Amino acid sequence: NHISSKDLDCGRLLNSGFRIGHWIHNGVTKTSLLSSCNICSRAERKWIKPVGFDTGVKTYNSLTKQKEPLVLAQERIATWYSCGPTVYDHAHLGHACSYVRFDILQRILSRLFEINVIHVMVITDIDDKIIQRSLEQNISPTVLARMHEEEFKRDMQALRVLPPAVYMRVTDNIPQIVAFIERIIGNGHGYVTSQGNVYFDTQSIGNRYVNVDSFLRAQDKRDPRDFALWKASKPHEPHWESPWGQGRPGWHIECSTIASSVFGSQLDIHSGGIDLAFPHHENEIAQSEAYHQCEQWGNYFLHSGHLHLKGSVEKMIFWNLTLLMSFDFFFCIRADILHSLWGLLNFPAIDYSDASTNEARSTLSTISAFCHNAQAYMQGHLLCQPIEEGILWERLSATQSSVRKALADDFDTPKAVGAIMSLIHHGNCQLQPATKVDGPRCPAVFGAMLSYVREILGVFGVDLLDRKEVHDSSGVLNNVVEELVHFRSKVRKFALSVGDQASQNPQTGSEIQKRHPQPDRVPLLKACDALRNNLAPLGVHIKDRGTNSTWEITRGGETRKN
Numbered sequence: 001n002h003i004s005s006k007d008l009d010c011g012r013l014l015n016s017g018f019r020i021g022h023w024i025h026n027g028v029t030k031t032s033l034l035s036s037c038n039i040c041s042r043a044e045r046k047w048i049k050p051v052g053f054d055t056g057v058k059t060y061n062s063l064t065k066q067k068e069p070l071v072l073a074q075e076r077i078a079t080w081y082s083c084g085p086t087v088y089d090h091a092h093l094g095h096a097c098s099y100v101r102f103d104i105l106q107r108i109l110s111r112l113f114e115i116n117v118i119h120v121m122v123i124t125d126i127d128d129k130i131i132q133r134s135l136e137q138n139i140s141p142t143v144l145a146r147m148h149e150e151e152f153k154r155d156m157q158a159l160r161v162l163p164p165a166v167y168m169r170v171t172d173n174i175p176q177i178v179a180f181i182e183r184i185i186g187n188g189h190g191y192v193t194s195q196g197n198v199y200f201d202t203q204s205i206g207n208r209y210v211n212v213d214s215f216l217r218a219q220d221k222r223d224p225r226d227f228a229l230w231k232a233s234k235p236h237e238p239h240w241e242s243p244w245g246q247g248r249p250g251w252h253i254e255c256s257t258i259a260s261s262v263f264g265s266q267l268d269i270h271s272g273g274i275d276l277a278f279p280h281h282e283n284e285i286a287q288s289e290a291y292h293q294c295e296q297w298g299n300y301f302l303h304s305g306h307l308h309l310k311g312s313v314e315k316m317i318f319w320n321l322t323l324l325m326s327f328d329f330f331f332c333i334r335a336d337i338l339h340s341l342w343g344l345l346n347f348p349a350i351d352y353s354d355a356s357t358n359e360a361r362s363t364l365s366t367i368s369a370f371c372h373n374a375q376a377y378m379q380g381h382l383l384c385q386p387i388e389e390g391i392l393w394e395r396l397s398a399t400q401s402s403v404r405k406a407l408a409d410d411f412d413t414p415k416a417v418g419a420i421m422s423l424i425h426h427g428n429c430q431l432q433p434a435t436k437v438d439g440p441r442c443p444a445v446f447g448a449m450l451s452y453v454r455e456i457l458g459v460f461g462v463d464l465l466d467r468k469e470v471h472d473s474s475g476v477l478n479n480v481v482e483e484l485v486h487f488r489s490k491v492r493k494f495a496l497s498v499g500d501q502a503s504q505n506p507q508t509g510s511e512i513q514k515r516h517p518q519p520d521r522v523p524l525l526k527a528c529d530a531l532r533n534n535l536a537p538l539g540v541h542i543k544d545r546g547t548n549s550t551w552e553i554t555r556g557g558e559t560r561k562n
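All the letters of the sequence shown, read from the start, carry residue numbers 1 to 562 under full-length UniProt numbering.
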């Protein structure tokens, strides 16, 4: 699964024979990566290392194509802007992976490294695709956008993605966008055409944009590399007033305007999908630095890759995430991402398949089984041989150090998860059931291990106690199962009470006393076993520990392996 970052960084993709191709289909501008010997990208510029608070974290920065120390302008405060959805259709699994990825990073920064992440996300609620789809469905572009915006927010909530500090719509910021464009023109970096369009003048910033073969040409552009800041209105399209006539914003200007309106002339972190790296983010940088007249607007750009379905190299088709939501789906998405997050662009794509899903479920089963057994041991329901307590305390301390070190090194979640699973393995090795116990019990160390595992899973956005699909949050089902298992345990204890039965040793002829359940009680044992086996497919798993029993509720139909 390991893929070299040098092959998959967007800038290197562009510099190694890929170009951005544009075409018009049914009036909608589309973009894709096309294999070609032509190159269309900006000339390389030197990155300026920020001055400020060193977080102790290193992160892969798309601007430099390597890991860099994460230095923030303000102590323990990270300003973070992300490109949100263009709300013209249902969110798809690729959206889920991208937003969950960055949610994990933000949780790591805030909960493990105590950094206050101020996150702003734009909602693109006006663009070519929205207009085209509204015409197809014969509804207002505003109504279409609002419908899918609310659906997107519900999907993110179901995926446990923390909401940004604020969502900001493009249509709520039209006056700010117009003012932003006016200053770009005033600074000598934009021009108005006779058709009422406004373009960014790429020649005004030197040789940052090179080789023009793959750029979309327009009749009123001075240069094919120039891109739209404001589009003149067309019949039956939404429009707003501006100094250049009626129209609407270009694609890139919205992000520069909104990010600047909140964070000013300097931004710590900008995130988005790898397909946005060029031209969207590149154009954002150009127009933002032209507006602010600064050398470096955004200090760190983080990009995530596409989701592949069963190894397909095509982008995911649109799926209604609401129909797919369950704890299992949520956990599998996060587990897949945790196993492939390291370096972001080192692992730009995730293969979501039956195999990866089964692996994620196996991981969940292992973690859940450990948590359940650790609790049973602490409650005295699980009897074990004497615990080597000192070894477990040492393992826990080493794991805490390893996890923090791994996550500080470019958010290396595979290594962090590996350390957690190793800790669980060593805990399981000592949680071996025994019929008799000699020596003192050591519940405290398992309590510490359990708390830490839950804490780190919480950092990753996984809460094992929040499994809504089993509908046990009210406690009613828990109480019913508790009473049922308690009654069954009493029956088993009665049935397992033994009587002495004499038999003769064939070699010596002497009598041997054997202890067996009384024959009339064997049907009770069989009935208890049948109840246990029948409840398992329904998601209630009972484990017999001698005359004692423990239980847990899991996803219906899932068989646990201990």
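Ideal Cβ positions, reconstructed from N, Cα and C, are used throughout, including at glycine.
Computed from a predicted structure; not experimentally measured.
When G247, T79, G190 are compared, the shortest CA-CA separation from D223 is found for G190. In the DSSP assignment, E552 forms a beta bridge with H541. Here D201 is buried. Its C-beta has 16 or more other C-beta atoms within 10 Å.
Around the beta carbon of F152, 16 or more other beta carbons sit within 10 angstroms, so the residue counts as buried. If you keep only unbroken beta strand (DSSP E) runs of at least 3 residues inside the stretch 390 to 476, you get nothing at all.
By the neighbour-count definition (other C-beta atoms within 10 Å, threshold 16), R248 is a buried residue. Residue environment analysis places I48 among the exposed positions, since fewer than 16 neighbouring C-beta atoms fall within 10 angstroms of its C-beta.
The DSSP assignment places 174 to 186 as complete runs of the alpha helix (DSSP H) inside the stretch 142 to 205, in order along the chain (cut-off: 4 residues). Going by DSSP, L109 is part of no beta strand (DSSP E) at all; its letter is neither H nor E. The stretch 289 to 301 and the stretch 224 to 239 do not touch, with fewer than three beta-carbon pairs separated by less than 8 Å. Here D103 is buried: its Cβ has 16 or more other Cβ atoms, across all protein chains shown, within 10 Å. DSSP links H119 through a beta bridge to W80. A straight line joining the alpha-carbon of R208 with that of T64 spans about 15 Å. Proximity to T79 across S271, Q203, L162 peaks at S271, based on C-alpha coordinates.
When secondary structure is reduced to three states using DSSP, R248 falls in the strand class. Excluding its 5 nearest sequence neighbours in each direction, E254 has C-beta neighbours in its own chain below 8 Å: V122, T124, V170, N173, I177, listed in chain order.
In this structure, the alpha-carbon of Q74 lies about 19 Å from that of L105. Here the alpha carbon of D275 sits roughly 55 Å from the alpha carbon of E483.
Going by beta carbons, S549 and S489 fall inside the 8 Å limit. In this structure, the straight-line span from the alpha carbon of N61 to that of I205 is close to 23 Å. Per DSSP, reduced to three states, the secondary structure at L383 is coil, with no helix or strand assignment.
Within the DSSP bridge table, the entry for Y60 names K67 as partners.
Shown here, D127 sits in coil according to DSSP, grouped into three states, outside any helix or strand. Note that the stretch 86 to 93 does not touch the stretch 366 to 383; fewer than 3 beta-carbon pairs, one per stretch, sit closer than 8 Å. Note that the C-beta distance between H372 and E552 is below 8 Å. In the three-state reduction of the DSSP assignment, V498 falls in the strand class.
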